[in-house]
Amino acid sequence: MKDEIIKILQKTVEPLGIAAISVALDFPENAEHGDYTSNVAMTNAKRLGLKPVELATKIVADFDKLVNKSSLKGLIKSVAVAGPGFINFTLTAEAVSKNVQEISKELNGSEGSKGQISNIGAGKKVLIEYSSPNIAKPFTVGHLRSTIIGDSIARILSATGYSVIRDNHLGDWGTQFGKLLVAIEKWGDEFGGLDGIKKSENPIKILVDLYVKFHDEVAIMEDSEDEKLKTEAEELVTLARVKSKILESGKDPIISEIWKVCVDLSMHEFALIYKRLGVSFDPKRGDTQIGESFFVTPYKINPVRDALNAKNLLKDSEGAKVVFFGSEDPKLWKLPPLIVEKSDGTSIYATRDLAADLYRINTYGKGLILINEVGAEQNLYFKQLIETETMLGWFTKGQRLHIAHGLYRFKDGKMSTRKGKVIWLGDILDEAVTRASKINADSANDVAVAAIKFNDLKRDSIQDIVFDWDEMMNMTGDSGPYLQYSCVRARAVVEKAKGLGISADTSGARPNIPQLDLLERYLLRFTHTVEFAGASYKPNVIANYLINLASLFNSFYAQVTIADKDSVTGAGSQDSGAAYKVAVTQVFADVLERGLDLLGIKVPEKM
RNA sequence: GCCCUCGUAGUGAAAUGGAUAUCACACCAGUCUUCGGAACUGAUGUUGGGGGUUCGAAUCCCUCCGAGGGCACCA
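FYI, our numbering numbers position 36 of the first sequence as 93, with every residue one higher than the one before it.
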């Protein structure tokens, strides 16, 4: 219906010399301003030498004539000029009601397209890389953000018609492994060597402790007055580089074996966490979990070097190979240079990322939209990477994106694995489940996960989050559990009504209360909200919508009696429209459940 | 030093350049003999400072202040 109004409005303003493409409808914030609003008069008045209100009045008059000849006849209650020159469109209650039912039908639609909310992404393929934890390092709240936000964006894009590939790009390579290898060799015996670590209760914890120990010991030695110790620190760091190089060469079976054990242990750990979070990378759906190590073979790296050389982009600088942006003269840099090959000839993350992206283009086709959901601290790096890939002609503008999120911080600073200053995700989940089960034991895990996810997704993701247990575990107000509860309650009310012989039906009387008008009109925004969230890659748009929706429903619910026994038998006077109320409650529950699903939040059967 | 991001009630957040800046928590005053009260109604209180662009600015531009992040072989 919105599209039809736009079409007629376009026809109305065309004779005035206003481009059809500039005509759009907004949702007014204030309900008194109707269902849709247009600012076309204000944006064009000056150019046409008219006052905005005059122009708007003329448009309204012409619009009325056209509407009466269209299929919209009788569905628009009023078209009015308001304020500085807005044109406000108000639908009739019948039109709103009809549209609400259509949303419900779409959500419960035919099996094949069930839950499909829009098809704006039809025919487009998008690969989204997110989560990407590092092997042998803790899965922390830091990775949590990428996992939650990335998963939600994937769900939203999928629901709006995109073909979506989820890619968990595991950090299973790099110099960090050299450090770990040295640490295992030097101090691993305390834990019974590699076998002992494998068999221990929490092997990852030990590996991380060893990694932290490496940094601690090196720092202590570097700070000491003893020259001998200082030299030893240097030697340890060098040794780590050497180990990492040997690993990359694949020539030492023992080192490669240790690496393999670490990868397996970590993958096992990650799988458990993803299961708890309700996040999945499913090969059957086309998802992948390919680690960086997959891209270090010459077979994958060489084509990248060739492509860079073909465009003459690869330059020597201080022993390493780099890409310059704009100029080699530091004063004229558009961006600082990007190191693509280290001076010892081994790969660096940029090399592996380039190889990965080339592989993706070759696998999924050149039209692929490629998104990395990664922390904002890597902004500069992604600018460099995307710029390089654009120069290579791999992507056009808007096809290669970095979606950045702010980081979790403590009140007194950044988290750091190296300094052992982290909060493990497992601990957070445990704490959340403990708190949730105090309120409701049956669905404690669902509720706990909802609290954690919603606390993240309700914000614009670029904002930093100061870690706070109470904030994170919030289960009242604008929280995940509150929305879960609202949905469960609405479902229960519908069930109860059914038991009393009232089923959802909008053909009968419609209660004439303002709270219902507001609720129905807000339900109509669902499709647009999801599309907008997808187009801007912002799950928080949906989170906010759901909070407002639940609030409107509660206001409505407080005003009516839906399934009171008296009302069924006719004893009560407030029974008119009971079937209609049930129908709206049902649509509310459907929309809420679908919306929560887009945020990766599951609604339990009972709460 | 250079570059990027963010500054909105006491707190945490929202707002496609649009109309009276929205929501939650907290605080205050109320409602209802609870169809699922994790409810509802009302009150108090907010765009860091200063310029500019615009019919219209929390939003865009400049500048100052504050916070965070990044800047060569970590990812």
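By construction, the Cβ of each residue, glycine as well, lies at the ideal position given by its N, Cα and C atoms.
May I have the straight-line CA-CA distance separating residue i from residue j, to the nearest angstrom?
| i | j | result |
| --- | --- | --- |
| residue 185 | residue 308 | 34 Å |
| residue 540 | residue 176 | 27 Å |
| residue 503 | residue 462 | 24 Å |
| residue 124 | residue 641 | 29 Å |
| residue 367 | residue 380 | 13 Å |
| residue 337 | residue 331 | 6 Å |
| residue 454 | residue 441 | 14 Å |
| residue 244 | residue 265 | 12 Å |
| residue 630 | residue 563 | At residue 630, the pLDDT of 38 sits below 50, so the modelled position is not reliable and the matter cannot be decided from this model. |
| residue 370 | residue 412 | 16 Å |
| residue 323 | residue 196 | 9 Å |
| residue 407 | residue 519 | 23 Å |
| residue 207 | residue 476 | 27 Å |
| residue 565 | residue 634 | 7 Å |
| residue 73 | residue 80 | 13 Å |
| residue 429 | residue 554 | 47 Å |
| residue 361 | residue 178 | 30 Å |
| residue 488 | residue 284 | 46 Å |
| residue 448 | residue 344 | 28 Å |
| residue 358 | residue 405 | 11 Å |
| residue 587 | residue 616 | 29 Å |
| residue 533 | residue 663 | 17 Å |
| residue 118 | residue 138 | 10 Å |
| residue 191 | residue 319 | 11 Å |
| residue 187 | residue 480 | 20 Å |
Below 7 Å CB to CB, which residues in the same chain sit around residue i once its five sequence neighbours on both sides are set aside?
| i | result |
| --- | --- |
| residue 201 | 482 |
| residue 414 | 427, 446, 451 |
| residue 278 | 286, 287, 289, 290 |
| residue 418 | 425, 451 |
| residue 76 | none |
| residue 647 | 161, 164, 165 |
| residue 263 | 248, 254, 257 |
| residue 628 | With a pLDDT of 40 at residue 628, under the threshold of 50, the modelled position of that residue is not reliable, and no figure is offered here. |
| residue 384 | 390 |
| residue 292 | none |
What are the residues that DSSP puts in a beta bridge with residue i?
| i | result |
| --- | --- |
| residue 398 | 378, 404 |
| residue 83 | 94 |
| residue 187 | DSSP lists no partner for residue 187. |
| residue 373 | 378 |
| residue 366 | DSSP lists no partner for residue 366. |
| residue 182 | 220 |
| residue 345 | 224 |
| residue 432 | 462 |
| residue 358 | None, per the DSSP bridge assignment. |
Going by the beta-carbon positions, is the gap between residue i and residue j smaller than 8 Å?
| i | j | result |
| --- | --- | --- |
| residue 304 | residue 316 | yes |
| residue 164 | residue 651 | yes |
| residue 567 | residue 614 | no |
| residue 241 | residue 227 | no |
| residue 561 | residue 639 | yes |
| residue 577 | residue 157 | yes |
| residue 599 | residue 592 | no |
| residue 495 | residue 537 | no |
| residue 221 | residue 296 | no |
| residue 275 | residue 294 | yes |
| residue 349 | residue 224 | no |
| residue 352 | residue 421 | no |
| residue 326 | residue 261 | yes |
| residue 523 | residue 468 | yes |
| residue 217 | residue 298 | no |
| residue 498 | residue 490 | no |
| residue 643 | residue 551 | yes |
Below 6 Å CB to CB, which residues in the same chain sit around residue i once its five sequence neighbours on both sides are set aside?
| i | result |
| --- | --- |
| residue 142 | 98, 99, 109, 110, 113 |
| residue 93 | 82, 146 |
| residue 439 | 459 |
| residue 443 | 457 |
| residue 219 | 178, 181, 183 |
Note down, in chain order, each residue of its chain lying with its Cβ closer than 8 Å to the Cβ of residue i, except the 5 sequence neighbours on either side.
| i | result |
| --- | --- |
| residue 149 | 131, 132, 133, 134 |
| residue 65 | 120, 123, 124, 127, 129 |
| residue 596 | 206, 209, 210, 213, 514, 518, 590, 655, 656 |
| residue 609 | 572, 575, 576, 579 |
Open item on the list: Extract the residue ranges of the alpha helix (DSSP H) inside the region 199-253, only unbroken runs of 4 or more that lie entirely within it.
Closed with: If we require 4 residues or more, the alpha helix (DSSP H) runs fully inside the region 199-253 come out as 232-244.
Task: alpha helix (DSSP H) runs contained entirely in the region 84-150, provided each spans 4 or more residues - done: Listed in chain order, the complete alpha helix (DSSP H) runs (minimum 4 residues) inside the region 84-150 are 97-105, 109-124.
TODO: Please list the segments of the alpha helix (DSSP H) lying wholly inside the region 264-318, counting only runs of 4 or more residues, in order along the chain.
DONE: 284-306
Task: Ranges of the alpha helix (DSSP H) found wholly within the region 445-523, counting only runs of at least 4 - done: 482-496, 501-514
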